[in-house]
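Novice: Residue numbers (our numbering), protein chains in the order written: chain A, 45 to 176; chain B, 45 to 176.
By construction, the Cβ of each residue, glycine as well, lies at the ideal position given by its N, Cα and C atoms.
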DNA sequence: CCATAAACTTGCAAAATGCAAGTTACTTGA
DNA sequence: TCAAGTAACTTGCATTTTGCAAGTTTATGG
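#1: Give the residues from the region 125-151 of chain B that approach chain A closer than 7 Å (Cβ to any Cβ), ordered along the chain.
#2: Express the C-alpha separation of residue 111 of chain A and residue 64 of chain A in angstroms, rounding to a whole number.
#3: Rounded to whole angstroms, what's the CA-CA distance from residue 137 of chain B to residue 119 of chain A? Just pull it up for me.
#4: Taking Cβ to Cβ, would you say residue 90 of chain A is nearer than 8 Å to residue 150 of chain B?
#5: Within 8 Å (strictly less), CB to CB, does residue 169 of chain A reach chain B?
#6: Quick one: any contact between the region 95-114 of chain B and the region 71-79 of chain B, if contact means 3 or more CB pairs under 8 Å?
#7: Measure from the C-beta of residue 66 of chain A to each C-beta in chain B and report whether the shortest distance is under 8 Å.
#8: Are the CB atoms of residue 124 of chain B and residue 132 of chain B within a distance shorter than 8 Å?
#9: Show which residues of chain A have a CB atom less than 8 Å away from the CB atom of residue 92 of chain B.
#10: Can you check the region 65-141 of chain B for any beta strand (DSSP E) of at least 3 residues that lies completely inside it and give the ranges in chain order?
#11: Would you decide whether residue 122 of chain A is buried or exposed? Buried here means 16 or more other CB atoms lie within 10 Å of its CB.
#12: Spatial neighbours of residue 135 of chain A within its chain, please: C-beta separation below 6 Å, excluding the five flanking residues on both sides.
#13: For the candidate residues B:107, B:116 and B:92, whose alpha-carbon lies nearest to that of residue 55 of chain A?
#14: Output needed for residue 96 of chain A: all residues of its chain with C-beta closer than 7 Å, excluding positions within five of it in sequence on either side, in chain order.
#15: Which chain A residues are close to residue 63 of chain B, counting only those with a beta carbon under 8 Å from its beta carbon?
#16: Got a sec: is the Cβ-Cβ distance from residue 105 of chain B to anything in chain A below 8 Å?
#17: Anything in chain B within Cβ reach of residue 50 of chain A, meaning under 7 Å, just list it in chain order.
#18: Can a CB atom of chain B be found closer than 8 Å to the CB of residue 87 of chain A?
#19: Per the DSSP calculation, residue 154 of chain B is bridged to which residue(s)?
#20: Which term fits residue 80 of chain B, buried or exposed, when burial requires 16 or more other beta carbons within 10 angstroms of its beta carbon?
#21: What separation, rounded to the nearest whole angstrom, lies between the Cα atoms of residue 109 of chain A and residue 58 of chain A?
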């Protein structure tokens, strides 16, 4: 029997997915790669302005996870173009689910690069919170 | 025109979704609520063992975000039963996308509560991408 | 009266994040 | 030749978030 703990937290597919892409930045990098960006500079220039040290670390982690591959597009100095593997491209479905949820439930949000004509969530009137 | 900055990072639906649920724990809480758990204790007992201070903080944030509502199920001491709002239930699609991705791409993961018979990702034998 | 329990809260230590500045290895224009 | 620019990182450090353990509050059962 295998006694070694195979998973960090549990065998749940959601938990293990979150161990890879469960933070504020990783899926934004994947989003940009899906949109055709592929150099460090292009990724760093996105509207959310990811800190450069975080970007570098995330690219390493995504590469280690088999989601991204970096292929040199020039020698001297060597520069890498980052692209998604099939595993990475498959995250498109997750991104799509987030887009749909965000557009329906977070007023004003939209899919970048589609202008204001895109359907967004209506601003709710009131919302009350329980008193302490 | 509105001059106040409406979004923390950008107007992207993905970025704003991640500002709410983009961490290692939040979607696991939502997963459990979708699976019918609703007390603090039930949520704390999940296999991932969320630290109790994190659980308390996440429940507050989810309530503030309109994803969860806490209704008292007893007074003295007052205890809350947490349930998902429609906005919260709608995250089921995101969870489902994560489940599909995890099962296909993270070997050994599965949907909790479905036993080992559930389809999981094959340990990468040499498998070529099948024709669709 | 005492042990147990659920639901939080508090106190840190450790890790992750974010900002700015520095470094490396070139390319380009004067 | 030499200064300036540029892409891609790296480093330092202050702030924030996480995680573990222990404590608190209100109540119940023996």
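Specialist: Taking the structure as given:
#1: 131, 134, 135, 137, 138, 139, 141, 142, 143, 144, 145, 146, 147, 148, 149 and 150
#2: 10 Å
#3: 44 Å
#4: no
#5: In this prediction, residue 169 of chain A has a pLDDT of 40, which is less than 50 and means its spatial position is unreliable; nothing more can be read from the coordinates.
#6: yes
#7: yes
#8: no
#9: 53, 54, 56 and 59
#10: 112-118 and 123-128
#11: exposed
#12: 74
#13: B:92
#14: 88
#15: 68
#16: no
#17: 152
#18: no
#19: A:56
#20: exposed
#21: 16 Å
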